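Residue numbering for the sequence shown follows this note's numbering, beginning at 2 and increasing consecutively. So the structure is just underneath, and the comments pick up after that.
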Amino acid sequence: MKIFLDTADLNEIRRAADAGLIDGITTNPSLVAQVAQDGAVTDMYRDICEAVDGPVSLEVVAVERDSMIEEGRKLADIHENAVVKVPLTEDGLKACRALRSENIPVNVTLCFSVSQALLAAKAGATFISPFIGRIDDISGEGMQLIHQIRQVYDNYGFATEILAASIRHPMHVVEAMLIGADCCTIPSKVLWQLSKHPLTDKGLDAFLKDWNAAGTEI
Ligand code: G3P
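In structure tokens, the structure reads:
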């Protein structure tokens with residue numbers, strides 16, 4: 002399973018990339034707004050793309066097909082790692098099809114149903130991003146959507162990769178892995194939570210205590 006970091010924060014990206022733990026990055030307009038200064042974000046997007054050896058999703062903010070395509074081309078030109086992210090609307094699906102015909106990779110985002118995921122695959126999406134946490138937020142079962150999309154994509158041999166998004170805690174990652182999502186995009190807090198186990202800390206404390214008590218050296 003590929004792990005993407007869901008952030009536009011370069012410090013967090015470099016921390017995870019330096020550890021060799023991430024396969025790519027996803028951003029969205031809200032995440033970018035948290036860290037962007039006034040003005041163009043092109044330089045920031047280029048820095049993010051250069052920080053990882055893998056796909057970096059950069060989202061269009063246009064809502065109409067032709068404007069999305071135009072923005073998508075600009076985003077794709079920033080760096081070879083750029084993946085254009087478009088919303089799962091009628092215009093977004095049309096923009097996806099057009100950008101894919103130019104061989105530009107596309108991540109179709111804001112997916113909340115299996116029927117939407119089917120259309121994204123038909124439009125040639127490189128990635129589909131179902132939003133797990135936001136479905137859970139309204140008392141739905143986000144993980145059920147990952148199950149359904151996996152089944153449909155396998156039934157018909159769609160190559161679109163399932164990118165589980167809106168991940169809120171480690172169990173979301175574990176469940177998505179078990180179902181067979183191709184990728185998970187996770188906030189940096191959750192990435193580091195994945196490494197934690199109280200028995201690891203306890204065991205390490207005991208090892209060091211015993212070692213120091215014996216006065217041993219390497
Ligand atoms: O990047 C899209 C998605 O992961 C957003 O997550 O937590 O805002 O629902 P969240």
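For every residue, glycine included, the Cβ atom is placed at its ideal position computed from N, Cα and C. Predicted, not measured: the structure shown is a model, and the values here were computed from it.
Measuring alpha carbon to alpha carbon, tell me which residue in the options is nearest residue i.
i    : options                 : result
N29  : I219, I187 and D183     : I187
C144 : T161, K123 and I168     : Checking the displayed sequence, the identity of residue 144 turns out to be Met instead of Cys. M144 has its Cα closest to that of I168, out of T161, K123 and I168.
E51  : S68, N104 and A83       : A83
M45  : G181, L192, G21 and L11 : L11
V33  : G21, D7, G25 and R16    : D7
A20  : K210, D54 and K75       : D54
G181 : P171, H148 and T217     : H148
L111 : Q152, S31 and D202      : S31
G73  : Y154, I23, E81 and I105 : I105
G141 : A99, L76, F113 and D206 : F113
D24  : A37, D211, I49 and K197 : I49
W193 : Y157, Q38 and L22       : L22
L195 : E176, D206 and N213     : E176
D67  : L59, C97 and V42        : C97
At the level of alpha carbons, what is the spacing between residue i and residue j?
i    : j    : result
G40  : E13  : 22 Å
I150 : A118 : 7 Å
F5   : A215 : 43 Å
A160 : K123 : 10 Å
T90  : D138 : 21 Å
M1   : K95  : Only positions 2 to 219 of the chain appear in the structure, and residue 1 is not among them; the question remains open.
I220 : T217 : A question about residue 220 goes unanswered here, because the residues of the chain that appear run from 2 up to 219.
A9   : V57  : 10 Å
P88  : A126 : 11 Å
A165 : G134 : 10 Å
S189 : A17  : 8 Å
V174 : C185 : 7 Å
F208 : D202 : 10 Å
I219 : D183 : 42 Å
G204 : A77  : 48 Å
D211 : G158 : 55 Å
K75  : M2   : 29 Å
H198 : E103 : 46 Å
L179 : Q35  : 32 Å
V42  : A99  : 24 Å
L59  : N156 : 30 Å
F128 : A37  : 25 Å
I136 : N213 : 50 Å
Give the C-beta separation of residue i and residue j to the nearest angstrom, bearing in mind that I take them to be a contact with Cβ-Cβ under 8 Å.
i    : j    : result
P131 : L120 : Contact doesn't hold; Cβ gap of about 13 Å is too wide.
K86  : V115 : Their Cβ separation, rounded to whole angstroms, is 20 Å, which puts K86 and V115 out of contact at 8 Å.
V107 : R101 : 6 Å
I79  : R47  : 5 Å
E71  : D92  : Between D92 and E71 the Cβ distance is about 12 Å, and since that is not below 8 Å, they are no contact.
V191 : P171 : 6 Å
*Any chance you could list the alpha helix (DSSP H) runs of at least 4 consecutive residues sitting entirely within the segment 107-147, in chain order?*
115-123 and 133-138
*Could you tell me which uninterrupted beta strand (DSSP E) segments, each at least 3 residues in length, are contained entirely in the segment 26-78, listed from first to last along the chain?*
57-60
_Sequence ranges, alpha helix (DSSP H) only - wholly within the segment 81-105, length at least 4_ = 91-102
*If you scan the segment 156-191 from start to end, which runs of the alpha helix (DSSP H) of 4 or more residues do you find wholly inside it?*
171-180
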